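Below you'll find the structure, written out as structure tokens, and then a few comments.
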Amino acid sequence: MTQDLDPSSSYGNFRAIYPAMSKPFSTYWPVLKEILESQGMSWSATYGLDEQHPGRSVGLSRQKIKKLSTKVVLDLLGLRQATSARWVDMQADLDTALGQALSCLRWYGPMIGAKFARVIYTDPDREALVTQQADSPTIKLLHLVLVRAIAAATTVMQERSESVNILLPLTLDYCALLNYLRTTYPKAHLLQRTAFDSPRYANEIKAYYNGYLPIDPFRDNSWSVGGRAPSE
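Sequential numbering from 17 applies to the sequence shown in the working numbering.
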């Protein structure tokens with residue numbers, strides 16, 4: 017099984033052990049909050065980041081959410097092609113937090129549009145947008161993709177301050193998408209991914225990552241804002 021755990025990377029040096037990207041998800045929120053406040057933005061007024069009301073709706077329709085999920089992929093691609101942001105595509109040292117975060121951002125960011133397309137799609141019989149059944153493992157996987165993209169972007173901004181103006185808007189769009197998932201699928205923590213959520217493979221997976229498991233808010237009980245465990 018472990019031979020399939022690593023995604024194949026176009027950068028040729030993707031590796032499994034990324035300590036900077038293996039912390040509890042809740043540890044990245046204070047960093048993002050500090051970045052927001054440094055830009056004169058209100059934490060509580062930002063969709064998806066309200067610690068007092070973490071379950072509120074992002075105020076976006078299903079159609080707008082679907083468009084936003086495509087927009088974030090194109091925005092990241094645009095950054096990678098822009099002369100002013102070539103550092104997004106640079107080969108940073110993978111022994112550093114910056115290098116690990118950039119690698120993860122480039123890997124998880126492009127997945128968002130395709131995963132959302134499976135969660136929110138057009139019913140050919142009704143020609144209307146519908147949402148995936150609440151018991152689909154894709155929903156849980158999409159949560160993981162988004163939180164890892166958010167954590168990666170946050171770490172890049174922390175390590176490279178000049179990237180804030182470029183990455184913060186993208187990160188906030190990620191947060192809006194995540195909040196939509198939290199409010200639409202509040203039982204996502206109950207879903208089971210084949211093998212990865214099975215106790216049978218737990219020790220094998222942990223050993224493969226040398227103890228530095230990729231960010232998983234369902235495992236560390238920080239999938240809800242503020243580190244609160246999901247409620248039944």
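Don't be surprised by glycine CBs; every beta carbon is placed ideally from N, CA and C. Note that the structure is a prediction, hence the values are computed from the model and not measured.
For I166, DSSP assigns no beta-bridge partner whatsoever. Pairwise C-beta distances place the segment 188-196 in contact with the segment 156-167, as three or more of them are shorter than 8 angstroms. Looking at the DSSP output, V180 sits in no beta bridge, so it has no partner there.
Counting every other CB atom within 10 Å of its CB across the protein chains shown gives D109 a total below 16, marking it as exposed. With contacts defined by Cβ atoms closer than 8 angstroms, D232 and L160 form a contacting pair.
In this structure, the alpha-carbon of Y34 lies about 8 angstroms from that of P230.
In this structure, A113 lies away from A218, with their beta-carbon atoms at least 8 angstroms apart. Taking the Cα positions, R78 is about 11 angstroms away from F132.
Distance from the CA atom of K156 to the CA atom of Y228, rounded to whole angstroms, is 20 angstroms.
Contact check for V47 and T170: beta-carbon distance about 5 angstroms, within the 8 angstroms limit, so the pair qualifies. At a Cβ-Cβ threshold of 8 angstroms, V89 and D189 do not count as neighbours.
Just so you know, the alpha carbons of Y201 and S152 end up roughly 10 angstroms apart. Nearest Cα to R198 within the set S238, N226 and S177: S238. Counting every other CB atom within 10 Å of its CB across the protein chains shown gives V104 a total of 16 or more, marking it as buried.
Where Q79 is concerned, the enclosing alpha helix (DSSP H) starts and stops at R78 to Q97. In terms of Cα proximity to R122, the closest of L92, T99 and Q97 is L92.
Our two residues, A223 and S214, have alpha carbons roughly 15 angstroms apart in a direct line.
Going by C-alpha positions, E175 is about 19 angstroms away from G56. Looking from the CA of E53, the closest CA among L184, R209, E220 and Q208 belongs to L184. The alpha-carbon separation between E220 and R235 amounts to approximately 16 angstroms. T200 carries a helical assignment under DSSP once its states are collapsed to helix, strand and coil.
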